[in-house]
Amino acid sequence: MNSLWEAWDAKDVHSLQAAEFKILAFLLSYPDPADFAQGLAAAKLWAQENLNTQQLVSRSLVTALSRLVDIEMAELARIYVETFDFTEQQTLYLTAHELGDSRERGAALIHLHQILAAEGMYEGPTELPDYLPLWLEFFAVLGVQGQSSEVAVRMQKVCETIRDRLGEEHPYFFVLAAATELLAQTTAGIGNEDSVRNTVLAIQRGEGGDTDAEEEMPYPLFFV
4 MNSLWEAWDA KDVHSLQAAE FKILAFLLSY PDPADFAQGL AAAKLWAQEN
54 LNTQQLVSRS LVTALSRLVD IEMAELARIY VETFDFTEQQ TLYLTAHELG
104 DSRERGAALI HLHQILAAEG MYEGPTELPD YLPLWLEFFA VLGVQGQSSE
154 VAVRMQKVCE TIRDRLGEEH PYFFVLAAAT ELLAQTTAGI GNEDSVRNTV
204 LAIQRGEGGD TDAEEEMPYP LFFV
């Protein structure tokens, strides 16, 4: 697992951001007790050796890793499931926050699937195409650009909302804080609420996805 983090060049800003996205994707995935501890220890060591904790994103990420590494894996798995799987307001599925169970969510999922599939980043039905760790992995590999930049703007809002609901004492608070800060940093100047809403309305009209919905999408709700 160490090679996963050693491959990133901390002196290059783009590579550093990619590494941070990669670590966040790992941290927000289910902590399988069989191998998560090894990856967590490797990520913490890499972060301590390479990240400048004077920077907000890096400081939050190092704090998150330090917190999680001290938790017994079975307990961490329990916390993860209770926090993200059993609490609807803290789910890690982007469009669930924006649309809930409304019928419009289908068109939104199709649009996200098309973006992922076009880059070869979605291979099957293991996870829905709005799963936050999947997109963090996408940004680690391809960066934040084009259509994905508007997804990143929406994700920043959702991560911020989950972070605030968790509270600072929660083991995953600083994971969501780091994600919020990194997404805000990488989308500065390339996305805004109006452009995101316009994209969503275009999807509803069938211009950006295979949908024939008859009403305007009431989403993203965070931007209404």
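In case it helps, the numbering used here puts the sequence shown at residues 4 to 227.
By construction, the Cβ of each residue, glycine as well, lies at the ideal position given by its N, Cα and C atoms.
Pair within 7 Å by beta-carbon distance, residue i and residue j
i       : j       : result
Gln-92  : Thr-86  : no
Phe-177 : Leu-169 : no
Ala-181 : Ala-67  : yes
Leu-186 : Met-158 : yes
Asp-133 : Leu-112 : yes
Gln-147 : Thr-183 : Looking at the sequence provided, one finds Val at residue 147 rather than Gln. It is not a contact, given that the beta carbons lie outside the stated cut-off.
Pro-174 : Arg-70  : yes
Val-72  : Ala-50  : no
Ala-40  : Met-76  : yes
Whole-number beta carbon distance between residue j and residue i, since they are thought to touch under 8 Å
i       : j       : result
Leu-145 : Leu-95  : Their Cβ separation, rounded to whole angstroms, is 20 Å, which puts Leu-145 and Leu-95 out of contact at 8 Å.
Phe-24  : Gly-42  : In fact, because the Cβ distance is near 15 Å, the residues do not count as touching under 8 Å.
Leu-139 : Leu-27  : 5 Å
Ser-151 : Phe-141 : 7 Å
Neighbour-count burial assignment, residue i, 16 or more Cβ in a 10 Å radius
i       : result
Pro-36  : exposed
Val-60  : buried
Ser-18  : exposed
Arg-108 : buried
Thr-98  : buried
Glu-101 : buried
Pro-128 : exposed
Glu-172 : exposed
Ala-277 : Shown here, the chain extends from 4 to 227; a query on residue 277 therefore has no answer.
Gln-20  : buried
Ala-143 : buried
Arg-106 : exposed
Ala-191 : exposed
Val-84  : exposed
Arg-81  : exposed
Glu-122 : exposed
Glu-52  : exposed
Glu-78  : exposed
Endpoints, the alpha helix (DSSP H) within which residue i is located
i       : result
Arg-106 : No alpha helix (DSSP H) holds Arg-106; DSSP gives it neither H nor E.
Check: residue i C-beta below 6 Å from any heavy atom of the ligand HEM
i      : result
Arg-62 : Questions concerning the ligand HEM fall outside what the structure shown contains, since it holds no ligand whatsoever.
Which runs of the alpha helix (DSSP H), 4 residues or longer, sit entirely within the segment 127-193? 135-145, 150-169, 176-190
Taking the runs of the alpha helix (DSSP H) that are 4 residues or longer, which of them lie wholly in the segment 26-104? 39-53, 59-72, 76-83, 97-102
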